[in-house]
Amino acid sequence: SQQGEEDPQALSIQEGENATMNCSYKTSINNLQWYRQNSGRGLVHLILIRSNEREKHSGRLRVTLDTSKKSSSLLITASRAADTASYFCATKANTGNQFYFGTGTSLTVIP
Amino acid sequence: DTAVSQTPKYLVTQMGNDKSIKCEQNLGHDTMYWYKQDSKKFLKIMFSYNNKELIINETVPNRFSPKSPDKAHLNLHINSLELGDSAVYFCASSQVNGAGAFFGQGTRLTVV
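Protein chains in written order, with the numbering used here: chain S, 1 to 111; chain W, 1001 to 1112.
Right, here's the structure in full:
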């Protein structure tokens, strides 16, 4: 299976703290993306990092990519209650357009 | 203006029935997908279409038949529904260059 793994499966933090989620994958990739899913909703694209990039920022999000370890991390700084959601990484291979999703991290930010 | 819309949002049906889920995107994207999310939130790709042509069929039972009348629509027809088909089905679209995908709100299918 090309599905990636994420850890932790669940994370609970206080508002204002930073949240870090990790993603490991198995195959060579063209890019890696992070998505958020609020309960009962569809997925929302957050950020994309290409295989030749090591770090990317977008607002309070920071993503790193280590292709030698086949891993990525998503850091959300100064978390807010509204950040409570499930976060998924998704990898795109060098061929084809499909994305393979990780198992997801459920983040709870306590006000 | 909804970018990717799928209908219905909820679908409850009995085993053995045939049902369809419709999906439309107004983003002008060339590629559309169907994903299945199970009760543990695992998201698994089912089909990928590029310009109405099937690209990927990830070992999905042939009871599932996607149909793409044009590149803005990708419908999913399911024959002889089984209990294990209960899940949330997401339609998505992206540009060919593999940028971020846009997802619909999902269809929660419950087979009883």
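A virtual CB, placed ideally from N, CA and C, is assigned to each residue, including glycine.
Check: Which residues mark the beginning and the end of the beta strand (DSSP E) in which S:Ile123 is found?
Finding: This structure cannot settle anything about residue 123 of chain S, because the visible part of chain S is limited to 1 through 111.
| said: Using 8 Å as the threshold, is the C-beta distance between S:Ser72 and S:Leu46 below it? | reply: As a first step, residue 72 of chain S must be located in the first sequence, where it is residue number 72. As a first step, residue 46 of chain S must be located in the first sequence, where it is residue number 46. Taking 8 Å as the Cβ cut-off, S:Ser72 and S:Leu46 do not qualify as a contacting pair.
Start and end of the beta strand (DSSP E) containing S:Met21? Translated into the one-based positions of the first sequence, residue 21 of chain S becomes position 21. From DSSP, the beta strand (DSSP E) with S:Met21 extends over 19-24.
Subject >> Contact set between W:Ser1094 and chain S, taken where Cβ atoms lie within less than 7 Å >> reply: Against the second sequence, residue 1094 of chain W aligns to sequence position 94. Result: Asn97.
Does any residue of chain W have a CB that is nearer than 8 Å to the CB of S:Gln33?
Reading the first sequence from its first residue, position 33 is the one you call residue 33 of chain S. Interface residue, yes.
Next on the checklist: I'd like to check one pair, W:Leu1081 with W:Thr1013: are the Cβ atoms closer than 8 Å?
Outcome noted: Taking the second sequence and counting its residues from 1, the one referred to as residue 1013 of chain W is at position 13. Taking the second sequence and counting its residues from 1, the one referred to as residue 1081 of chain W is at position 81. Yes, the pair counts as a contact, with Cβ atoms nearer than the cut-off.
_Chain-ordered residues of the stretch 1058-1070 of chain W with a beta carbon less than 7 Å from chain S_ = none
- Message: Using only CA atoms, which one of S:Arg54, S:Ser68, S:Arg36, S:Thr105 lies nearest to S:Lys26?
- Response: Residue mapping note: residue 26 of chain S aligns to position 26 of the first sequence, counting from 1. S:Lys26 has its Cα closest to that of S:Ser68, out of S:Arg54, S:Ser68, S:Arg36, S:Thr105.
Notebook entry, point to check: Rounded to a whole number of angstroms, what is the C-alpha to C-alpha distance between W:Met1046 and S:Ser28?
Noted result: As a position in the second sequence, residue 1046 of chain W is number 46, starting the count at 1. As a position in the first sequence, residue 28 of chain S is number 28, starting the count at 1. Approximately 21 Å between the Cα atoms of the pair.
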